[in-house]
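Asks: Numbering (the working numbering), first residue to last: 3 to 623.
(1) On a CA-only basis, which of 616, 597, 586, 596 is nearest residue 605? Give me that one, please.
(2) From what residue to what residue does the alpha helix (DSSP H) around residue 247 run?
(3) Classify residue 333 as helix, strand or coil using the three-state DSSP reduction.
(4) Roughly how many angstroms lie between the CA atoms of residue 73 and residue 356, to the nearest whole one?
(5) What does the alpha-carbon distance come out to for the pair residue 181 and residue 575?
(6) Report buried or exposed for residue 327, applying the criterion of at least 16 other Cβ atoms within 10 angstroms of its Cβ.
(7) Check whether the Cβ atoms of residue 19 and residue 312 sit closer than 8 Å, and answer yes or no.
(8) Nearest-angstrom Cα distance between residue 68 and residue 572?
(9) Once the 5 residues before and after residue 271 are set aside, which same chain residues still bring their CB inside 6 Å of it?
(10) What do you reckon, are the CB atoms on residue 229 and residue 268 nearer than 8 Å?
(11) Please state the DSSP three-state secondary structure of residue 579.
(12) Where do the N-terminal and C-terminal ends of the alpha helix (DSSP H) with residue 401 fall, by residue?
(13) Assess contact between the region 47 to 60 and the region 172 to 190, defined as three or more Cβ pairs (one per stretch) separated by less than 8 Å. Is contact present?
(14) Assuming residue 233 and residue 297 form a contact by the criterion Cβ under 8 Å, report the distance between their Cβ atoms to the nearest whole angstrom.
(15) Once you ignore the five residues that flank residue 104 on each side, which residues in its own chain have a CB closer than 6 Å to its CB?
(16) Could you check which residue in 419, 617, 569 has the C-alpha nearest to that of residue 545?
(17) Reducing DSSP to helix, strand and coil, say where residue 203 ends up.
(18) Taking just the CA atoms, how far does residue 211 sit from residue 115?
(19) Between the C-alpha atoms of residue 148 and residue 107, what's the straight-line distance to the nearest angstrom?
(20) On the DSSP letters alone, give me the boundaries of the alpha helix (DSSP H) that residue 220 sits inside.
(21) Measure the C-alpha to C-alpha separation of residue 528 and residue 368 and round it to an integer number of angstroms.
(22) Unbroken alpha helix (DSSP H) runs of length 4 or more, entirely within the region 176 to 201: which are they?
(23) With residue 263 as the anchor, note down where its beta strand (DSSP E) starts and where it stops.
(24) Can you tell me the Cα-Cα spacing of residue 511 and residue 411, whole angstroms?
(25) Go ahead and label residue 600 buried or exposed: buried means 16 or more other beta carbons lie within 10 angstroms of its beta carbon, across all protein chains shown.
(26) With C-beta atoms as the reference, is residue 153 less than 8 Å away from residue 119?
(27) Pull up the distance between the alpha-carbon of residue 555 and that of residue 352, whole angstroms please.
(28) Tell me the DSSP secondary structure of residue 378 in three-state form.
(29) In the region 272 to 324, which residue ranges form an unbroken beta strand (DSSP E) of at least 3 residues, counting only runs that do not cross its ends?
(30) Could you check which residue in 38, 307, 568 has the C-alpha nearest to that of residue 580?
(31) Just to confirm before moving on: does the CB-CB distance between residue 608 and residue 589 stay below 8 Å?
(32) DSSP three-state call for residue 106: helix, strand or coil?
(33) Can you tell me whether residue 526 is helix, strand or coil according to DSSP?
(34) Going by other Cβ atoms of all chains shown within 10 Å of its Cβ, with 16 needed for buried, is residue 421 buried or exposed?
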């Protein structure tokens, strides 16, 4: 080994050691940031519990508002907790690999990844061409030139959500990605499959595998005689241009590095049967140029890569968490506003319904007893001289069906409000379905209004306090027929004695009829007032006090609690945003230090990053 080569090797090893130290330091920073984020979620749970406690009320028409708020909280808490748990798992995986700079090899099935792996590890070629037989166990790790290489299944081989999660977890631990494309198949779909890399701000080095089967003697001879005919600039320029164009169009990347190699030549150089051409094959394959590019990247940007892997690996999911908090807050606010407006409509209908129903009781009762009033004179004319006039009057009153009428009025009242509440529920179900689903709380499946439960205790038979029993009390009083006391107990008209046979008998009878008519009509008025009073009391106790007040109390507690949760989620988003910005500041300061620049976090007034796309910095003057 020459002095120059030895010096380069030492610089390379030193760079890897420094990368390891950087990873250790930034892992501690990322862990503290994640701890803060988990503490924020714990604090949010506590504040949400306080909101639910405030909303707790007696079970009314809508139900337990606090219970409904808990259902909402449980749904978004599960999602938020899962996000943080995933991030914690990611940090734990990185902790096991802090000492290793990681390079991940991606590419479509049959692009030549296995060939490269076999060439680098000196394998026997048994895995080459097995791309179509992939399993999740096909993710392999090996060490090459003191760096960790992760080999993944082909992009097209990832199937379903579980495979996607595996791929993303591999990307998450990567410092650099080698994206392998083959000269015989440079497809747009392969580049689209790599969009997740850009979302995670992973640097990509494109490797162009020029394919020509060197196991055929004619091609092997030509390759050994003139490697430039296979890998020369004029030969690969068209392929490189296409890679660069697709990288810009599909991934938004410009000025990308493309390293052309012949993977099969590199592999054959390791095989005993090609030992006589091993040196020429290895050199002509240009596999060494890929190693040079990786080494140079580690020497120049290795510490920055490691810092980004650790810090952005935590920052990216925290940015997602911040957005999730914000989206939940906005959605919660919209749903609360919707409920407030919707229940406001119901509230106004209930006000009208209450006034209308009370007025209707008076009108209906008057109409019920009007025929009885009209019959008073005729009844007295026919029955006043009979000893059982009281019994006859009771029978006449009974024919009006006051008890049945009262129960019918009650049932009609219940039916009307029940119909309106069911209509209201249907409108809410339809409108919440149109509004869309809450990401974590799904309003189309979450109904704050349940008519069946609301009205299960309202029935005509069970609450008809002004029905048959009530009317029996009204009609059964001792003075119902004897309001002025001129017929006492069982004494009939005969008890008046001989005075009926004097000359003024007729005039006296007329006076008594007039008095009886007046008193009877007054008694009917009293009966009407008593019926209306009892109906109104039933309506107040059962509908206004229990149902309407329950609706108003519980729904107000529900949407006010949702407004409160929205505020707390917004605060959590702001706090999470503070953690994200702190990590961004840390990353910029660290990267500046790697290049000898002295920058303090206090120099930044504001830092906003879209990882992999742009960074905006507002400096303090």
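Glycine included, every Cβ here is placed at the ideal spot set by N, Cα and C. In this text the structure is predicted, and so the values were computed from the model without any measurement.
Replies: On the basis of the supplied data:
(1) 586
(2) 235 to 253
(3) helix
(4) 33 Å
(5) 35 Å
(6) buried
(7) no
(8) 20 Å
(9) 280, 283, 284
(10) no
(11) helix
(12) Run containing residue 401: none; DSSP gives neither H nor E here.
(13) no
(14) Contact doesn't hold; Cβ gap of about 20 Å is too wide.
(15) 150, 175, 176, 177
(16) 419
(17) coil
(18) 9 Å
(19) 16 Å
(20) 219 to 227
(21) 11 Å
(22) 190 to 194, 197 to 201
(23) 260 to 263
(24) 40 Å
(25) exposed
(26) yes
(27) 14 Å
(28) helix
(29) none
(30) 38
(31) no
(32) strand
(33) helix
(34) exposed
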